[in-house]
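Shown next, in structure tokens, is the structure this report addresses.
Residue numbers (this note's numbering), protein chains in the order written: chain A, 11 to 364; chain B, 9 to 232.
Structure follows, in structure tokens:
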């Protein structure tokens with residue numbers, strides 16, 4: 011007999027649950043050791059409340075009417091609900107405040123892509139701690155968490171959401187062309203970016219900078235070769251690096267083109283990569299203006315990990331297989347901050363779901 | 009060190025195959041077996057896997073290949089259709105210039121049957137292998153259309169009266185002309201593109217940048 015469940019959802023049976031619990035227990039211990047208190051919020055919120063944040067691609071996808079006709083939405087992340095909690099339940103509390111969560115979030119999917127509608131996220135939010143200290147703390151908790159889980163080959167890509175807009179402003183890109191350039195970059199389409207630059211009549215050095223800077227990624231040395239217009243963002247990244255302990259700092263890959271597909275990020279942004287998975291395991295960044303939209307203006311930073319993706323990456327590392335492990339040569343001895351290829355020769359495994 | 013720096017590349021069989029293999033040879037890759045054995049799919053020695061062009065983004069997105077070559081038509085067809093919906097999560101790094109063709113709207117020669125359908129019936133029927141590109145084009149130009157997805161020869165649909173128009177790729181226009189069809193609108197020019205997995209783009213940055221550098225330093229003629 012067939013009793014289907016919606017595509018992108020699934021049942022988790024005891025064997026898998028045991029493994030997932032081991033991961034979340036390890037994460038929880040690290041979060042708590044760093045002073046982050048676990049909270050729960052409702053999966054359903056008023057749509058009008060969630061809509062205060064600019065979620066871009068990750069906006070809530072499922073809505074229902076309640077008995078009085080109000081529109082409710084299933085949350086698509088935990089950052090926005092926690093911003094609401096801070097503005098209401100902690101309206102008079104002294105910052106900084108530290109929260110962690112383990113919660114299911116709900117996203118829209120494209121059919122037949124194996125994308126989840128319901129995903130378990132684990133993460134922290136650090137409210138009231140500005141850059142660079144707050145960002146450095148968040149990255150430290152992130153790396154300690156992944157270490158505790160036993161993930162070995164992960165790297166953290168670190169960029170700044172304000173870098174490209176600042177670059178456009180200082181190079182005097184016409185206002186009406188900026189959205190198009192930013193969209194091409196968000197789509198990871200460098201060919202489109204080149205065309206958009208030509209269409210906007212931008213040429214010469216300005217065009218080269220706008221095309222080359224977002225493709226720069228590597229170790230701390232890449233910060234040295236940054237052009238003057240990106241100076242502020244570069245100093246911001248260097249300030250973060252200076253605050254990181256060596257074990258965390260050596261995980262960082264600077265990525266000057268990094269853009270997260272959520273609109274509320276304002277400064278440093280980061281993503282977690284592992285060679286055993288073809289897509290990021292999680293990410294986060296600064297959202298210094300989000301709390302203000304809920305009436306309590308505080309700088310904030312946080313990250314979320316996809317627990318299922320983390321599980322897949324761990325399993326891949328254990329088997330010595332995984333998307334990018336197969337057939338890859340050892341790269342990176344050069345210390346340029348790229349690639350920690352691992353040995354592996356078994357067939358490739360496609361990663362993403364979680 | 010091989011020219012591909014240990015990277016895995018998804019190479020499309022079909023129309024883009026010859027030019028792509030030419031390009032890899034120009035970089036110094038030993039492509040002899042790749043050329044001679046069209047049943048084999050995995051060429052581990054040279055880091056190449058082969059597949060149909062429309063599968064390339066799937067394998068690259070999943071990380072089964074670090075890089076891939078596919079047509080812009082494939083990327084457009086698999087791109088996000090509306091804000092809030094995720095497209096393929098791959099980097100588009102380079103316009104390789106070859107495989108140039110045009111996505112067109114075509115209908116039977118003579119008075120345009122599509123115009124007549126629009127005027128009298130309010131909707132035109134369009135057959136295509138690219139339903140999303142076709143639907144987007146019709147929306148953007150403010151016309152109502154019924155999209156009929158076909159897998160085989162699209163030219164057959166208007167000739168048999170199933171539809172009034174087609175949206176399809178054409179390089180020379182020969183097939184269209186032979187079937188008494190004329191191009192009514194050019195929608196977009198498509199060429200081969202180099203795409204990259206987003207995680208490989210970070211973890212294998214030096215290898216990928218070096219590969220790009222090698223490609224860019226080839227004589228311009230190589231890149232169409």
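Every residue gets a Cβ at the ideal spot worked out from N, C-alpha and C, and that includes glycine.
Close-in-space but distant-in-sequence residues of the same chain around residue i (CB under 8 angstroms, 5 per side omitted)
i: residue 45 of chain A; result: 108
i: residue 54 of chain A; result: 74, 82, 83, 84 and 85
i: residue 17 of chain B; result: 32, 55, 56, 57, 73, 74, 75, 76 and 77
i: residue 222 of chain B; result: 11 and 35
i: residue 192 of chain B; result: 112, 113, 114, 115, 120, 122 and 173
i: residue 15 of chain A; result: 21
i: residue 108 of chain B; result: 179, 197, 198, 199 and 232
i: residue 261 of chain A; result: 153, 164, 165 and 166
Min CB distance residue i to chain A below 7 angstroms
i: residue 218 of chain B; result: no
i: residue 99 of chain B; result: yes
i: residue 53 of chain B; result: no
i: residue 207 of chain B; result: yes
i: residue 211 of chain B; result: yes
i: residue 103 of chain B; result: yes
i: residue 79 of chain B; result: no
i: residue 70 of chain B; result: yes
Whole-Å CB distance - residue i paired with residue j, under 8 angstroms assumed
i: residue 100 of chain B; j: residue 201 of chain A; result: 5 angstroms
i: residue 65 of chain B; j: residue 203 of chain B; result: 7 angstroms
i: residue 103 of chain B; j: residue 201 of chain B; result: 6 angstroms
i: residue 132 of chain A; j: residue 37 of chain A; result: 5 angstroms
i: residue 314 of chain A; j: residue 291 of chain A; result: Actually they are not in contact, since the Cβ atoms of residue 314 of chain A and residue 291 of chain A sit about 10 angstroms apart, beyond 8 angstroms.
i: residue 71 of chain B; j: residue 214 of chain B; result: Between residue 214 of chain B and residue 71 of chain B the Cβ distance is about 18 angstroms, and since that is not below 8 angstroms, they are no contact.
i: residue 97 of chain A; j: residue 306 of chain A; result: 4 angstroms
i: residue 277 of chain A; j: residue 180 of chain A; result: Rounded, the Cβ-Cβ distance is 17 angstroms, inconsistent with contact.
i: residue 157 of chain B; j: residue 136 of chain B; result: 7 angstroms
i: residue 218 of chain B; j: residue 13 of chain B; result: 6 angstroms
i: residue 264 of chain A; j: residue 230 of chain A; result: 7 angstroms
CB contact below 7 angstroms: residue i versus chain B
i: residue 317 of chain A; result: no
i: residue 174 of chain A; result: no
i: residue 75 of chain A; result: no
i: residue 263 of chain A; result: yes
i: residue 112 of chain A; result: no
i: residue 285 of chain A; result: yes
i: residue 198 of chain A; result: yes
i: residue 288 of chain A; result: yes
i: residue 201 of chain A; result: yes
i: residue 329 of chain A; result: no
i: residue 229 of chain A; result: no
i: residue 167 of chain A; result: yes
i: residue 361 of chain A; result: Note that residue 361 of chain A has pLDDT 40, beneath the 50 cutoff, so the model's placement of it is unreliable and no number is given.
Those residues which DSSP pairs with residue i across a bridge
i: residue 25 of chain B; result: In DSSP, residue 25 of chain B forms no bridge with anything.
i: residue 116 of chain B; result: B:189
i: residue 314 of chain A; result: A:133 and A:293
i: residue 103 of chain B; result: B:201
i: residue 115 of chain A; result: A:129
i: residue 50 of chain A; result: Answer by DSSP bridge pairing: none, since residue 50 of chain A is not bridged.
i: residue 156 of chain B; result: B:135
i: residue 41 of chain A; result: Answer by DSSP bridge pairing: none, since residue 41 of chain A is not bridged.
i: residue 111 of chain B; result: B:177 and B:196
i: residue 144 of chain B; result: Paired residues: none, contrary to the question.
i: residue 265 of chain A; result: A:227
Cβ shell of residue i (< 6 angstroms), same chain only, five flanking positions each side left out
i: residue 196 of chain A; result: 269
i: residue 37 of chain B; result: 11 and 54
i: residue 154 of chain A; result: 40
i: residue 85 of chain B; result: 138, 140 and 141
i: residue 125 of chain B; result: 132 and 172
i: residue 146 of chain B; result: 153
i: residue 119 of chain A; result: 18, 125 and 127
7 angstroms Cβ shell around residue i - same chain, five flanking residues per side excluded
i: residue 146 of chain A; result: 250, 253 and 254
i: residue 167 of chain B; result: 187
i: residue 34 of chain A; result: 112, 132 and 317
i: residue 115 of chain A; result: 85, 86, 87, 88, 129 and 131
i: residue 159 of chain A; result: 33, 36, 37, 320 and 324
Cβ-heavy atom distance, residue i to the ligand COA, below 6 angstroms
i: residue 262 of chain A; result: No copy of the ligand COA appears in this structure; indeed no ligand is present at all.
* **Unbroken stretches of the alpha helix (DSSP H), 4 residues or longer, contained in the segment 164-243 of chain A** => 173-180, 185-196, 200-209, 214-222 and 231-234
* Just list the beta strand (DSSP E) runs in the segment 49-104 of chain A, keeping only unbroken ones of 3 residues or longer that don't cross its boundaries, in chain order. => 54-56, 73-75 and 81-84
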